[in-house]
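> Those protein sequences? They're chains A and B, same order as listed.
Per my numbering, the very first residue in the first sequence carries number 85; after that it's consecutive.
Per my numbering, the very first residue in the second sequence carries number 85; after that it's consecutive.
Glycine is no exception: its CB is placed at the ideal position from the N, C-alpha and C atoms.
2 protein chains.
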Amino acid sequence: MSSVRKIANSVGVSVATVSRALNNHPDVSAETRQRVLEAARSTGYNPSVGKRPTNVIGLVYPTGPVQAGYGDFDSLMLSGVVRGANEQRFDVTIINLDRDKDEFESYTQFFHRKGVRGVVIRALEATSVLASEIAAEGFPSIMIADRSEDPRVNFVDSESKSTSRKAVEHLIDIGHKRIALAIHNVQDSDHQDREDGYCQALAEAGLERDEDLTVRAPAGPEGGAMMLDHLLQHEDPPTAIFFTNPLSTVGALHRCLQLGVRVPKDLSVIGFDDGDVRLRTFPNFTAVCQDAQGLGLEAARWLTRSLTGNAHHSCRELHRTTLNVHGSTSLCPITGVRLMAGNQIVRQV
Amino acid sequence: MSSVRKIANSVGVSVATVSRALNNHPDVSAETRQRVLEAARSTGYNPSVGKRPTNVIGLVYPTGPVQAGYGDFDSLMLSGVVRGANEQRFDVTIINLDRDKDEFESYTQFFHRKGVRGVVIRALEATSVLASEIAAEGFPSIMIADRSEDPRVNFVDSESKSTSRKAVEHLIDIGHKRIALAIHNVQDSDHQDREDGYCQALAEAGLERDEDLTVRAPAGPEGGAMMLDHLLQHEDPPTAIFFTNPLSTVGALHRCLQLGVRVPKDLSVIGFDDGDVRLRTFPNFTAVCQDAQGLGLEAARWLTRSLTGNAHHSCRELHRTTLNVHGSTSLCPITGVRLMAGNQIVRQV
DNA sequence: TCATACTGCCGGAACTGTTCCGGCTTGACC
DNA sequence: GGTCAAGCCGGAACAGTTCCGGCAGTATGA
Numbered sequence: 085m086s087s088v089r090k091i092a093n094s095v096g097v098s099v100a101t102v103s104r105a106l107n108n109h110p111d112v113s114a115e116t117r118q119r120v121l122e123a124a125r126s127t128g129y130n131p132s133v134g135k136r137p138t139n140v141i142g143l144v145y146p147t148g149p150v151q152a153g154y155g156d157f158d159s160l161m162l163s164g165v166v167r168g169a170n171e172q173r174f175d176v177t178i179i180n181l182d183r184d185k186d187e188f189e190s191y192t193q194f195f196h197r198k199g200v201r202g203v204v205i206r207a208l209e210a211t212s213v214l215a216s217e218i219a220a221e222g223f224p225s226i227m228i229a230d231r232s233e234d235p236r237v238n239f240v241d242s243e244s245k246s247t248s249r250k251a252v253e254h255l256i257d258i259g260h261k262r263i264a265l266a267i268h269n270v271q272d273s274d275h276q277d278r279e280d281g282y283c284q285a286l287a288e289a290g291l292e293r294d295e296d297l298t299v300r301a302p303a304g305p306e307g308g309a310m311m312l313d314h315l316l317q318h319e320d321p322p323t324a325i326f327f328t329n330p331l332s333t334v335g336a337l338h339r340c341l342q343l344g345v346r347v348p349k350d351l352s353v354i355g356f357d358d359g360d361v362r363l364r365t366f367p368n369f370t371a372v373c374q375d376a377q378g379l380g381l382e383a384a385r386w387l388t389r390s391l392t393g394n395a396h397h398s399c400r401e402l403h404r405t406t407l408n409v410h411g412s413t414s415l416c417p418i419t420g421v422r423l424m425a426g427n428q429i430v431r432q433v
Numbered sequence: 085m086s087s088v089r090k091i092a093n094s095v096g097v098s099v100a101t102v103s104r105a106l107n108n109h110p111d112v113s114a115e116t117r118q119r120v121l122e123a124a125r126s127t128g129y130n131p132s133v134g135k136r137p138t139n140v141i142g143l144v145y146p147t148g149p150v151q152a153g154y155g156d157f158d159s160l161m162l163s164g165v166v167r168g169a170n171e172q173r174f175d176v177t178i179i180n181l182d183r184d185k186d187e188f189e190s191y192t193q194f195f196h197r198k199g200v201r202g203v204v205i206r207a208l209e210a211t212s213v214l215a216s217e218i219a220a221e222g223f224p225s226i227m228i229a230d231r232s233e234d235p236r237v238n239f240v241d242s243e244s245k246s247t248s249r250k251a252v253e254h255l256i257d258i259g260h261k262r263i264a265l266a267i268h269n270v271q272d273s274d275h276q277d278r279e280d281g282y283c284q285a286l287a288e289a290g291l292e293r294d295e296d297l298t299v300r301a302p303a304g305p306e307g308g309a310m311m312l313d314h315l316l317q318h319e320d321p322p323t324a325i326f327f328t329n330p331l332s333t334v335g336a337l338h339r340c341l342q343l344g345v346r347v348p349k350d351l352s353v354i355g356f357d358d359g360d361v362r363l364r365t366f367p368n369f370t371a372v373c374q375d376a377q378g379l380g381l382e383a384a385r386w387l388t389r390s391l392t393g394n395a396h397h398s399c400r401e402l403h404r405t406t407l408n409v410h411g412s413t414s415l416c417p418i419t420g421v422r423l424m425a426g427n428q429i430v431r432q433v
């Protein structure tokens, strides 16, 4: 077991200096600090008050305080993390990196100062680099809601390709042939998955993909409405649309009600959901659902098991998503709906 | 400053015994433990590793791991708590009481073991007693999203009476006279406030309250639909309804779309919202909005300021709510809508 | 030129709290 | 009455942090 005194001996300084170096106090020369940190890293130093190891994991938000605006997702994920940590009697502390992590401090050093033995990293945009850096230091960590090419990075992510495919297959099964894809215009692995699932289902059924039936817009209700308008203005409009974002789906369904497009009689709609959004719209929409709570649960469970010694080496898990069928999908209509100038609706074969 | 050695001296035992008593180890007699705990309480003992006080507050969930199912509320509140704690550079750790609090352990003792200097208590059902007990021990604490008669209890709660009143006044201003109240059938201070606001607005305008226009049902979409049906079956149905729960409002709006009742042309609806639910329905509904994030922010801000010495004595704050007008309210129709047998809609004067 | 003062860096010691080990007392049992 | 076990407690050794003072090097001023 490593301790400040051991490190002090091996480096040839006093325990006071070791403590200062570890806690980022100014009164240490850069050269001494480096030697101490190196010794701490190589001996796997883990601070402990008294003797008891402190059973706390951190939930790390990379950018500022926890962001709102992700709907239920964060709440559910947090709930899962807390439950997962519970199983091994761990507590959860919320850490935000950019508040008081010193620039010259290593992640390991920082997390030790915070008194956590491991961290769950909430993936936002471009968190992958961060996760790689932390993993490279060897600090126990797992990223949640994103994946990484880096083999050292542990993660739990949603796998939405197969369910996206299943969603489109569902539409094909009930007779739809012109199926549109309305996608968030950001290129990440998640959205690539959804597009891939869409393509696979079409190919499998022997349907040609019509590039005109793929539209992109920012996530959000306005984007959803815009994409709907655009698709319905096509001279041979789709009879079904697959939206890859919850709020886009909401916007599109609202727009349908405004225009008088009857869902699902005139048009079938499948969306995405993280939480309960699909149950708030009219009609409730058929959706590919991510299990946000399950992600949190698995991540925290793996991390705490790994810390208590009873876990496998790495975790690179793709969590399954489910297709929940509600009232926004039904048999392909004989007459499709087309949107004309002046927001006029015409039904045509 | 109090320490284990001071306490050991004053009680007349060894530091080892003090530590054991404080940490709930078995090898201490009940009598000794009592004397130690009493000394710790009276001297305001606060454990510290080394010298530095640990700047962490706890977010306490009384029953088990954090519950999902409150929609955005918890996510937003948490976000607020973290931001509020940020200002004084505090961290937040999530604590669930019924996991590892020993039965014979005081709350103070438990929280010290967890290493937090103060707690924010998330009010669920009947948390008021808990908050009183913690306050009685003198541990720094504040309850969030509920209020208490106990003068020792600090809290931040929503004040929904005045805005409920404003909501009903809004309906009266645009010509409505028969305004119904659809309320969650649980009697707590919060719902009492909403009912009081309703009554005050009616009284102020010289309108008689019709008891037939008050209905109660469980919170949730089904309850909302039931209440809507019941009200519209009245021989002299209301032209506007005030719902005091977000999900009830959702259910009622869905039911309107099913029945062909046009909102707001046939019927005006005002609901409640904690987060973004009002923006998910069609039409988006006019709502009395609680600022969940603001509650969290204020609570954590007060607590951390109080802990760092720059705060007033107690906090008994009622946070303001706001009336957000959306598309579910408009001028009182000349012909009202009545629901007949067989779900037939008739319009009558 | 030399005394003085300041700054950067570090060590000793004193402080915080926890746990191991051993000892004392008490009571039960053969 | 001897023995054993359990309950309770103290000493000491452990964990890490911080205060205070010292040492060296450098700048400053008479």
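#1: Excluding the 5 residues flanking residue 89 of chain A on each side, which residues of the same chain have their C-beta closer than 6 Å to its C-beta?
#2: Give me the Cα-Cα distance between residue 192 of chain B and residue 281 of chain A, rounded to the nearest whole angstrom.
#3: For chain B, is any of its Cβ atoms less than 9 Å away from the one on residue 326 of chain A?
#4: Identify every residue that forms a DSSP beta bridge with residue 371 of chain A.
#5: Is the separation between the beta-carbon of residue 127 of chain B and that of residue 94 of chain B shorter than 9 Å?
#6: Use the C-beta contact count for residue 330 of chain A: other C-beta atoms within 10 angstroms, 16 or more gives buried, fewer gives exposed.
#7: To the nearest angstrom, report how far apart residue 306 of chain A and residue 166 of chain A are at their CA atoms.
#8: Please name the residues in the stretch 180 to 213 of chain B whose beta-carbon is closer than 8 Å to at least one beta-carbon of chain A, in chain order.
#9: State yes or no: is the C-beta of residue 357 of chain B within less than 9 Å of the C-beta of residue 340 of chain B?
#10: Taking 9 Å as the CB-CB cut-off, is residue 170 of chain B touching chain A?
#11: When burial is assigned at 16 or more other CB atoms within 10 Å of the CB, is residue 244 of chain B buried or exposed?
#12: Looking at the structure shown, is residue 126 of chain A part of a helix, part of a strand, or coil, going by DSSP?
#13: Can you tell which of A/227, A/413, A/342, A/414 has its C-alpha closest to the C-alpha of residue 427 of chain A?
#14: Determine the DSSP secondary structure at residue 238 of chain A, reduced to helix, strand or coil.
#15: For residue 170 of chain A and residue 381 of chain A, what's the separation of their Cα atoms in angstroms?
#16: Of the residues B/370, B/334, B/391, which one's Cα is nearest the Cα of residue 406 of chain B?
#17: Determine the contact status of residue 384 of chain A and residue 176 of chain A, defining contact as a CB-CB distance below 9 Å.
#18: Can you pull the chain A neighbours of residue 350 of chain B, defined as C-beta to C-beta under 7 Å?
#19: What number of angstroms, rounded off, separates the C-alpha of residue 129 of chain B from the C-alpha of residue 196 of chain B?
#20: Just the chain B side, please: which residues come within less than 8 Å of residue 147 of chain A by C-beta, in chain order?
#21: How many angstroms separate the CA atom of residue 377 of chain B from the CA atom of residue 334 of chain A?
#22: Using CA coordinates, which residue listed in B/367, B/387, B/272 is at the minimum distance from residue 164 of chain B?
#23: Please state whether the Cβ-Cβ distance between residue 190 of chain A and residue 143 of chain A is less than 9 Å.
#24: What is the DSSP secondary structure of residue 192 of chain A, counted as helix, strand or coil?
#25: Does the beta carbon of residue 178 of chain A sit closer than 9 Å to a beta carbon anywhere in chain B?
#26: Output, in sequence order along the chain, the residues in the stretch 352 to 366 of chain A whose CB is closer than 9 Å to any CB in chain B.
#27: Determine, for residue 111 of chain B, whether the minimum Cβ-Cβ distance to residues of chain A falls below 9 Å.
#28: Could you tell me whether the Cβ atoms of residue 248 of chain B and residue 285 of chain B are closer together than 9 Å?
#29: Measure the CB-CB distance between residue 265 of chain B and residue 279 of chain B and report whether it falls below 9 Å.
#30: Can you name the start and end residues of the beta strand (DSSP E) that residue 178 of chain A belongs to?
#31: What number of angstroms, rounded off, separates the C-alpha of residue 97 of chain B from the C-alpha of residue 87 of chain B?
#32: Look at the alpha carbon of residue 258 of chain A and the alpha carbon of residue 351 of chain B, and state the distance between them as a whole number of angstroms.
#33: Runs of 4 residues minimum, wholly inside the stretch 229 to 278 of chain A: which ones carry the alpha helix (DSSP H) assignment?
#34: Could you pull out every unbroken beta strand (DSSP E) segment of at least 3 residues lying fully inside the stretch 286 to 354 of chain B, listed in chain order?
#35: At least one CB of chain B closer than 9 Å to the CB of residue 305 of chain A: is that the case?
#36: Could you check whether residue 262 of chain B and residue 320 of chain B sit closer than 9 Å to each other, using their CB atoms as the reference points?
Straight from the coordinates:
#1: Excluding residues within five positions, the ones whose Cβ falls inside 6 Å are 99.
#2: When rounded, the distance between both Cα atoms is 54 Å.
#3: No, no contact with chain B.
#4: Note: residue 371 of chain A is bridge-paired with A/355, A/408 in the DSSP secondary-structure output.
#5: Contact flag set, yes.
#6: Buried, since its Cβ has 16 or more Cβ neighbours within 10 Å.
#7: Distance between the alpha carbons of residue 306 of chain A and residue 166 of chain A: 35 Å.
#8: The residues in question are 180, 183, 184, 198, 199.
#9: No, the Cβ-Cβ distance between residue 357 of chain B and residue 340 of chain B is not below 9 Å.
#10: Yes, contact with chain A.
#11: It counts as buried.
#12: If DSSP states are grouped into helix, strand and coil, residue 126 of chain A belongs with the helices.
#13: Among A/227, A/413, A/342, A/414, the Cα nearest to that of residue 427 of chain A is on A/342.
#14: Three-state result, residue 238 of chain A: coil.
#15: In this structure, the CA atom of residue 170 of chain A is about 10 Å from the CA atom of residue 381 of chain A.
#16: The shortest C-alpha separation from residue 406 of chain B is found at B/370.
#17: For residue 384 of chain A and residue 176 of chain A, yes; Cβs fall inside 9 Å.
#18: Within chain A, no C-beta atom comes nearer than 7 Å to that of residue 350 of chain B; the closest sits roughly 15 Å away.
#19: If I take the Cα positions, the gap works out to 9 Å.
#20: Ordered by position in chain B, no residue passes the 8 Å Cβ test against residue 147 of chain A, which lies about 12 Å from the chain.
#21: CA-to-CA, the gap between residue 377 of chain B and residue 334 of chain A works out to about 24 Å.
#22: Of the candidates B/367, B/387, B/272, B/387 places its Cα closest to the Cα of residue 164 of chain B.
#23: In this structure, residue 143 of chain A does not lie closer than 9 Å to residue 190 of chain A by Cβ.
#24: Looking at residue 192 of chain A - three-state DSSP - the assignment turns out to be helix.
#25: With its beta carbon less than 9 Å from one in chain B, residue 178 of chain A belongs to the interface.
#26: Flagged, chain order: 359, 360, 361, 363, 364, 365, 366.
#27: Residue 111 of chain B does not count as touching chain A.
#28: For residue 248 of chain B and residue 285 of chain B, yes; Cβs fall inside 9 Å.
#29: Their beta carbons are under 9 Å apart, which means residue 265 of chain B touches residue 279 of chain B by this criterion.
#30: Boundaries of the beta strand (DSSP E) around residue 178 of chain A: 175 to 180.
#31: As the crow flies, the alpha-carbon of residue 97 of chain B is around 13 Å from that of residue 87 of chain B.
#32: Inter-residue distance for residue 258 of chain A and residue 351 of chain B is about 37 Å (C-alpha atoms, whole angstroms).
#33: Listed in chain order, the complete alpha helix (DSSP H) runs (minimum 4 residues) inside the stretch 229 to 278 of chain A are 245 to 257.
#34: With a minimum length of 3 residues, the continuous beta strand (DSSP E) runs that stay inside the stretch 286 to 354 of chain B are 298 to 301, 324 to 327.
#35: Answer yes: the Cβ-Cβ gap between residue 305 of chain A and chain B drops below 9 Å somewhere.
#36: Cβ distance < 9 Å, so residue 320 of chain B and residue 262 of chain B count as in contact.
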